[in-house]
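Undergrad: Sending over a structure as structure tokens; questions will come in a sec.
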Amino acid sequence: MAKGYLANKDRLDTINQFGKEIGKRAGFKCEWCGSKEDLRTWDYRPEREPEPATLALLCGRCRDLADGRKPDLVELRSIRDALWSDIPAVAEGAARVMATCKEPWVREAIEESFIDEEVKRELLG
């Protein structure tokens, strides 16, 4: 148990080292919806070593979406612009949340986005 705890602590310490850089990149706003409330760094690829491209600054509501809470259409519209970010954690993370909705405009937005083609295929089937 101590090994796992220490590994997690080291990972969180590494993520925190990028906090200021991620905050500046994001303009100290949520990189999905633009909110300035309850901001924290979110790890898009926890299976990889943390780096700025795999981290996003998200508000509490968007972190809940990233963690699997079902979005409503208003929330989906508020994160749609994130699809055009050149940061994978921002664009691909938002696309994964949006792909849970079957509305035609959501599919079209993902198709038109700049995210990796392989990720698009995975999300859109």
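Per this note's numbering, the sequence shown starts with residue 27, numbered consecutively. Just so it is clear, CB atoms sit at the ideal spot from N, CA and C, and this is done for glycine as well.
Would Pro130 be called buried (16 or more neighbouring beta carbons within 10 Å of its own) or exposed?
TA: exposed
Undergrad: Roughly how many whole angstroms lie between the Cα atoms of Glu144 and Lys50?
TA: So the alpha carbons of these two residues sit roughly 29 Å apart.
Undergrad: Thinking C-alpha only, which one of Leu149, Gly53, Trp68 is nearest Lys62?
TA: Gly53
Undergrad: For Val123, does the count of other Cβ atoms within 10 angstroms reach 16, so buried, or fall short, so exposed?
TA: buried
Undergrad: Using a threshold of 8 Å, state whether the C-beta atoms of Leu109 and Leu83 are closer than that.
TA: no
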